[in-house]
Amino acid sequence: LNPMAIRVSTTGSQRETTRAKRAEMIKTCFTLLENRIADKGDRTLFLEVLDPNGQIMPPGDRSPVAMAGGVPASAARVLDYAGEQMEACIFFTADRPFEPGVYTVHLVDGQERIATTDLILR
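Shown next as structure tokens:
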């Protein structure tokens with residue numbers, strides 16, 4: 297799990313940043329490993345981004361994103377998983393400016409957290 301804060305330039309290009317005041321979104325990339333016994337087909341993976349106070353951050357476009365059981369999530373992405381190793385990224389745009397601190401990022405499949413890491417913004 298590799299989250300990074302991104303700022304978007306006026307030309308539309310994305311650049312990584314470590315400064316909270318410059319961050320416009322969090323891009324989280326990950327690798328799903330080969331798994332021949334897992335169900336194949338569309339899989340919805342969810343991203344939970346917790347702010348420095350431990351609260352789940354809602355998406356910036358105010359569109360509701362909910363995991364199974366109605367638990368709120370920050371972002372989601374549907375992937376066509378064929379049981380083979382694949383690379384993917386999920387983008388999260390916050391509903392408010394980022395603050396300096398430690399952000400916890402969880403990748404969730406169904407109701408299972410499959411990866412967790414921290415992102416530090418100064």
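So for the sequence shown, the numbering used here puts the first residue at 297; every next one is plus one.
Positions of the beta carbon are idealized from the N, C-alpha and C atoms, including for glycine.
Check each candidate in L329, T327, L328, R311 and name the one with the smallest Cα separation from M321. Of the listed residues, the one whose Cα sits closest to M321 is R311.
I believe L403 touches L329 by the beta-carbon criterion, under 8 Å. Please report the beta-carbon distance rounded to the nearest angstrom. With 8 Å as the limit, L403 and L329 do not qualify as a contact, their Cβ atoms being about 13 Å apart.
Helix, strand or coil for N356, going by three-state DSSP, please let me know. According to the sequence provided, residue 356 is Gly. The question's Asn does not apply to it. Taken through DSSP and simplified to helix, strand or coil, G356 comes out as coil.
Quick check on E344: buried or exposed, where buried means 16 or more other Cβ atoms within 10 Å of its Cβ? Looking at its Cβ environment, which holds 16 or more other Cβ atoms inside 10 Å, E344 is buried.
Does the distance from the CB of R315 to the CB of L417 come in under 8 Å? Yes. Within cutoff.
Own chain partners of E380 with C-beta closer than 6 Å, once the 5 adjacent residues on each side are dropped: A distance below 6 Å between beta-carbons, with the five flanking residues on each side excluded, links E380 to the following residues of its chain, in chain order: E330.
Secondary structure of G366, DSSP reduced to three states: In this structure, DSSP gives G366 a helical state, which the three-state scheme calls helix.
If you draw a straight line from the alpha carbon of P393 to that of V367, how long is it in whole angstroms? If you take the alpha carbons of P393 and V367, they lie about 23 Å apart.
Counting only beta-carbon separations shorter than 8 Å, does G337 have a partner in chain D? Protein chains in the displayed structure number just one, and chain D is not present.
Counting along the chain, where does the beta strand (DSSP E) carrying Q310 start and finish? Unbroken beta strand (DSSP E) run through Q310: 310-313.
Which residue comes first and which comes last in the beta strand (DSSP E) that contains R372? Note that residue 372 is Ala in the sequence shown here, rather than Arg. Where A372 is concerned, the enclosing beta strand (DSSP E) stretches over 371-377.
Taking the straight line between their C-alpha atoms, what separation do you get for R318 and I333? For R318 and I333, the gap between their C-alpha atoms comes out near 43 Å.
What first and last residue would you give for the beta strand (DSSP E) that runs through R303? Per DSSP, R303 belongs to the beta strand (DSSP E) from 298-304.
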